[in-house]
Amino acid sequence: MSTKSQVLTLLMKQTPAFLSGEEMAQRLSLSRTAIWKAINELKKDGYQITSVQNKGYRLEKSDVLSAEGIQLALWPQTPPLTITVLETSESTMTDAKRAILDQTPDNTLIVADMQEMPRGRFGRPFFATPGKGIYMSMVLQPNQNFEEIAQYTVIMAVAVARAMDALAGVHTEIKWVNDLYLNGKKVCGILSEAMSNVETGQISNVIIGMGINFSITETEFPEDIRQKVTSLFPDGEPTATRNELVANIWNHFYQILDKRSTKDFLEEYRQRSFVIGKDVAFTQNGQDFRGVATTINGNGELIVQLPDGTAKTLSSGEISLDQIGEWRRG
Numbered sequence: 014m015s016t017k018s019q020v021l022t023l024l025m026k027q028t029p030a031f032l033s034g035e036e037m038a039q040r041l042s043l044s045r046t047a048i049w050k051a052i053n054e055l056k057k058d059g060y061q062i063t064s065v066q067n068k069g070y071r072l073e074k075s076d077v078l079s080a081e082g083i084q085l086a087l088w089p090q091t092p093p094l095t096i097t098v099l100e101t102s103e104s105t106m107t108d109a110k111r112a113i114l115d116q117t118p119d120n121t122l123i124v125a126d127m128q129e130m131p132r133g134r135f136g137r138p139f140f141a142t143p144g145k146g147i148y149m150s151m152v153l154q155p156n157q158n159f160e161e162i163a164q165y166t167v168i169m170a171v172a173v174a175r176a177m178d179a180l181a182g183v184h185t186e187i188k189w190v191n192d193l194y195l196n197g198k199k200v201c202g203i204l205s206e207a208m209s210n211v212e213t214g215q216i217s218n219v220i221i222g223m224g225i226n227f228s229i230t231e232t233e234f235p236e237d238i239r240q241k242v243t244s245l246f247p248d249g250e251p252t253a254t255r256n257e258l259v260a261n262i263w264n265h266f267y268q269i270l271d272k273r274s275t276k277d278f279l280e281e282y283r284q285r286s287f288v289i290g291k292d293v294a295f296t297q298n299g300q301d302f303r304g305v306a307t308t309i310n311g312n313g314e315l316i317v318q319l320p321d322g323t324a325k326t327l328s329s330g331e332i333s334l335d336q337i338g339e340w341r342r343g
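Just so you know, our numbering puts 290 at position 277 of the sequence shown, and the rest follows in order with no gaps.
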């Protein structure tokens with residue numbers, strides 16, 4: 014761990030109290046000069062640090078993404094994560110794939126302050142802006158059959174919803190299979206990709222990526238999507254940090270994953286879903302269908318009843334609803 018990281022971790026643990034340069038130097042077995050240089054580097058990185066004579070340094074509330082900040086907010090029972098935080102990334106999904114080729118360990122998390130070429134399902138681009146979003150991808154190495162990891166996206170959606178609700182005091186809802194909504198507008202999209210081992214036939218690597226609108230205000234979104242998207246903190250005044258949200262998402266993910274045999278997360282997913290009972294349209298094998306979404310089964314698949322009474326089971330793909338917000342006014 015670098016001197017800067019060590020100093021940052023100490024300041025985070027000490028917040029909101031002051032910590033003297035002398036005490037930091039003693040704890041880290043470093044010179045006062047090294048501490049001073051690290052403080053200045055942190056200030057250049059965007060951290061607000063108050064210096065008071067005879068008191069020392071205090072880290073003020075700031076929203077700079079950092080591996081140290083994420084680590085401090087992880088629960089003790091959450092598995093150790095290998096975390097890389099980037100100022101800019103073309104795509105964290107691409108970064109994750111490169112990490113796999115470099116034989117990255119299990120539970121490797123890549124987080125970016127900004128994505129230059131963010132993409133969602135089917136390679137579609139989405140809006141990203143520095144300092145106000147969360148763009149991240151996790152590499153998991155389950156070495157399980159496809160059936161065993163098919164629920165990962167469902168588990169992830171519930172984990173994100175729980176973390177958002179707890180930190181922001183909101184109630185998020187889910188559009189099958191991978192979008193989270195707040196007040197009828199999209200706030201988060203999740204993308205999962207799996208890689209299999211040809212010899213064993215098992216899924217060797219899973220990448221779960223997501224883009225979260227954290228504190229982007231309405232006027233900061235492009236005009237053509239303002240009626241469709243929102244942020245967790247749409248007024249641009251967050252009451253939590255991005256580090257806290259990132260950590261709590263993975264806290265909840267691993268908690269659910271550890272207890273997934275109970276299937277409790279599936280019932281919560283159903284309760285948060287706003288598509289059940291609604292008319293939906295989808296394409297399967299090149300053919301367009303319309304029907305009513307009736308339930309989500311034990312594998313996280315959507316069951317749609319067609320007008321002729323037959324049922325279609327959707328395990329992946331995309332559905333559309335006519336005027337998503339209309340049911341709220343009915």
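From the three backbone atoms N, C-alpha and C, an ideal C-beta is built for every residue, glycine too.
Straight-line CA distance for residue i to residue j?
i: F227; j: K110; result: 25 Å
i: K50; j: A170; result: 42 Å
i: S64; j: A179; result: 33 Å
i: P247; j: E231; result: 7 Å
i: S104; j: I262; result: 20 Å
i: L279; j: S150; result: 23 Å
i: E54; j: A47; result: 11 Å
i: G311; j: L24; result: 46 Å
i: K325; j: I316; result: 6 Å
i: Y70; j: G34; result: 7 Å
i: I162; j: L43; result: 46 Å
Can a CB atom of chain C be found closer than 8 Å to the CB of residue i?
i: P247; result: The chain inventory of the structure shown lacks chain C, comprising one protein chain alone.
Among the candidates the options, whose CA atom is the shortest distance from the CA of residue i?
i: T95; options: I83, G311, S104 and P89; result: I83
i: D271; options: K241, T254 and P155; result: P155
i: V190; options: V259, G197 and G202; result: G202
i: T22; options: S42, G59, E103 and S79; result: S79
i: R239; options: N210, N196, Q215 and N261; result: N196
i: Q284; options: V167, G304 and D292; result: V167
i: Q66; options: M37, L72, D76 and F31; result: F31
Taking Cβ positions, are residue i and residue j nearer each other than 8 Å?
i: I62; j: K68; result: no
i: F139; j: G222; result: no
i: A112; j: M127; result: no
i: A125; j: T91; result: no
i: Q199; j: D192; result: Correcting the residue identity first, residue 199 is Lys in this sequence and not Gln. Yes, they are a contact pair.
i: S205; j: Y267; result: no
i: A306; j: G290; result: yes
i: A174; j: I187; result: yes
i: E357; j: L334; result: Absent from the model: residue 357. The displayed extent of the chain is 14 to 343, so no value can be given.
i: G299; j: Q318; result: no
i: I52; j: V98; result: no
Could you tell me how far apart the beta carbons of residue i and residue j are, in whole angstroms, since I believe they sit closer than 8 Å?
i: I147; j: R255; result: 5 Å
i: L87; j: A253; result: The Cβ separation is near 15 Å, so there is no contact.
i: A294; j: I332; result: 7 Å
i: Q297; j: I216; result: No, Q297 and I216 are not in contact; Cβ-Cβ is about 23 Å, not under 8 Å.
Uninterrupted beta strand (DSSP E) stretches inside the segment 53 to 110 (no shorter than 3 residues) | 62 to 65, 69 to 72 and 95 to 99
Could you pull out every unbroken alpha helix (DSSP H) segment of at least 4 residues lying fully inside the segment 256 to 322, listed in chain order?
-> 277 to 285
Every unbroken alpha helix (DSSP H) inside the segment 114 to 200 [4 residues or more] = 159 to 162 and 165 to 181
Fully enclosed by the segment 214 to 259, which beta strand (DSSP E) runs are 3 residues long or longer?
-> 216 to 226
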